[in-house]
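Residues in the first sequence are numbered consecutively from 774, following our numbering.
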Amino acid sequence: MPELPEVEIARRNVARWMAGQRVLRARAAPSRIFRGAELAAFESISGALRSLERRGKYLLFRFERDQGLLAHLGMTGKFVRRPTGEEVRFSRAHFELSDRFSVHLADSRMFGRIEPVRASALRDLTVVRALGLDPLADGLTPERLARAVGKTSLGIKVALMDQARVAGLGNIHAAEALFRAGIHPARKPASLSPAEWRTLSRAILDALVFALENQQGEEIQYVEEVGAGNVFHVYGHGDEPCPACSAPIQSFAQGGRTTYFCPRCQPAGKGKR
DNA sequence: TGACCCCTGGCC
DNA sequence: GGCCAGGGGTCA
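In C-alpha cells form, the structure reads like this:
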C-alpha cells in the first residue's frame, strides 16, 4: 500500500488530528504489529504529541516525557480518526484523545509495525539509520540520486525500491517515475547518462508531488480501493494504451514484484540492460 | 539474487 | 477456488 506520498499524507493528517490534544489512553490488542514489543509500553503513552516525523515510509512519533513510537503502515495499514467508542474494523491500536475522538491504526494484513521507543532514541534505531536518501525530506538532486543508487547490477527500478538507497519509493512510484523519465525499469544504473539522471531526479519529484496532490482528504485511499479511479500512468494499467503514445502498457516480474512500463516510451536500449 | 514467508481481503 | 496485492525480512 503506502509509499512515501501516502505516508506523508498520513503524517499530516495524524499531526493535525492530534494537535492541541492530549492522549488520554493508548490501547492495543496483542498482534504481530508489535513484533514482540511490550504492549504495556505502548499503553503507557499519554500526554501531548510533540512532533511527528517521516523518514522514508516510517513515522516517528515523539510525545512528552521522551515517550516515542516507531510506526510503519506495511501494505494495508492506515490511520483513521473516529469518535471514541466507535468500532473500527481491523483496528490494532488506538489513542483516545481529549476531544473525544480516537486515532486508530487499522491494518488488515498486519504487515504494519508499531514499536514503542524512547523519543530521543528513534533516530538511532537500526532500521531508521539504514534508510537512504529521502527525496522530500533530504532534497533530491541528480548528483545525490546517482550517488544514492550507486554502482549496482540491480535493475534501476529494483535499486530505486531499495530503502537503503532511496527511502520511500515502492512499486507504484518507482514505476511511475521511470515512466515519466522514459527509462526502462531493467536498465542498469551505470548505463544512465547525466541527462538521464537529471530527468529521473525530476521525474521522481514529479511523481511524488502528483501522488501527494491526489491524496488530499481525511483518509488515504489505496489504488485497489478506487477501482476506475486509478490516476497512475502505468501502474495497474497492463494492456491498456499508454497515455503518451497509446502503445499497450506491458508488465513483467522484477525483484518479486510486478513492474509496469510502456515499451515504446521506455525502450530497453541496445546494450543498456 | 531469487524464493519464500508473514497475513487477510477482494476480485475474476 | 485461485490469484493477486503498493510492505519488509530471512534464507540459501
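For each residue, glycine too, the CB sits at the ideal point set by N, CA and C.
Bear in mind the structure is a predicted one, so any value in this text is a computation, not a measurement.
Starting from the Cα of residue i, find the closest Cα among the options and give me that residue.
{"i": "Asp880", "options": "Ser893, Arg862, Val796, Met934", "result": "Arg862"}
{"i": "Pro915", "options": "Asp872, Ala976, Glu998", "result": "Ala976"}
{"i": "Val796", "options": "Phe868, Phe952, Pro967", "result": "Phe868"}
{"i": "Ser974", "options": "Asp911, Phe834, Pro889", "result": "Asp911"}
{"i": "Thr849", "options": "Arg865, Ala932, Pro856", "result": "Arg865"}
{"i": "Trp790", "options": "Arg854, Thr1032, Ser817, Ser824", "result": "Arg854"}
{"i": "Gly1009", "options": "Ile945, Pro958, Asp839, Glu991", "result": "Ile945"}
{"i": "Pro967", "options": "Val780, Glu949, Thr1032, Arg920", "result": "Arg920"}
{"i": "Pro962", "options": "Cys1035, Met883, Leu918", "result": "Leu918"}
{"i": "Arg838", "options": "Ser824, Thr899, Asp907", "result": "Ser824"}
{"i": "Met883", "options": "Ala799, Lys851, Pro1016, Ala788", "result": "Lys851"}
{"i": "Gly847", "options": "Ala810, Gly943, Ser875, Glu811", "result": "Gly943"}
{"i": "Arg953", "options": "Gly885, Glu776, Cys1018", "result": "Cys1018"}
{"i": "Leu951", "options": "Phe834, Arg1037, Val780", "result": "Arg1037"}
{"i": "Pro1014", "options": "Gly1002, Val996, Glu997, Tyr1033", "result": "Tyr1033"}
What does residue i pair with, by DSSP beta-bridge criteria?
{"i": "Lys1033", "result": "It should be noted that the sequence gives Tyr, not Lys, for residue 1033. Paired residue(s): Ser1024."}
{"i": "Phe834", "result": "Leu825, Leu842"}
{"i": "Pro889", "result": "Leu842"}
{"i": "Arg800", "result": "His867"}
{"i": "Arg855", "result": "Ser875"}
{"i": "Val939", "result": "Leu906"}
{"i": "Gly912", "result": "Answer is none; Gly912 lacks a bridge partner."}
{"i": "Arg920", "result": "Per DSSP, none; premise fails for Arg920."}
{"i": "Asp880", "result": "Gly850"}
{"i": "Gly820", "result": "Val796"}
{"i": "Pro775", "result": "DSSP, once it has assigned bridges, lists no residue as partnering Pro775."}
{"i": "Pro1014", "result": "Pro1021"}
So, at 8 Å on beta carbons, what are the nonlocal neighbours of residue i in its own chain, with the 5 sequence-adjacent residues on each side left out?
{"i": "Gln936", "result": "Gly829, Lys830, Ala903, Leu904, Gly905"}
{"i": "Ala799", "result": "Phe815, Glu816, Ser817, Ile818, Ser819, Ala866, His867, Phe868, Glu869"}
{"i": "Glu811", "result": "Pro889"}
Confirm, please, whether the CB-CB distance from residue j to residue i is below 7 Å.
{"i": "Ile956", "j": "Gln1039", "result": "yes"}
{"i": "Leu913", "j": "Leu965", "result": "no"}
{"i": "Leu832", "j": "Arg785", "result": "no"}
{"i": "Leu843", "j": "Glu888", "result": "yes"}
{"i": "Ile782", "j": "Ile993", "result": "yes"}
{"i": "Asn987", "j": "Val1004", "result": "yes"}
{"i": "Phe836", "j": "Gly820", "result": "yes"}
{"i": "Gly841", "j": "Ala801", "result": "no"}
{"i": "Val787", "j": "Arg827", "result": "no"}
{"i": "Glu969", "j": "His1006", "result": "no"}
Which residues in the same chain have their Cβ closer than 7 Å to the Cβ of residue i, if we skip the five residues on either side of it in sequence?
{"i": "Ala792", "result": "none"}
{"i": "Arg971", "result": "Pro915"}
{"i": "Ser804", "result": "Arg865, Met883"}
Beta-carbon within less than 6 Å of residue i's beta-carbon, same chain only, minus the 5 sequence neighbours each way: which residues are those?
{"i": "Leu985", "result": "Pro778"}
{"i": "Thr1031", "result": "Ser1024"}
{"i": "Pro1021", "result": "Asp1012"}
### Task
Would you list, in sequence order, the uninterrupted alpha helix (DSSP H) runs of no fewer than 4 residues that lie entirely inside the segment 928 to 992?
Runs of the alpha helix (DSSP H) inside the segment 928 to 992: 929 to 934, 944 to 954, 967 to 986.
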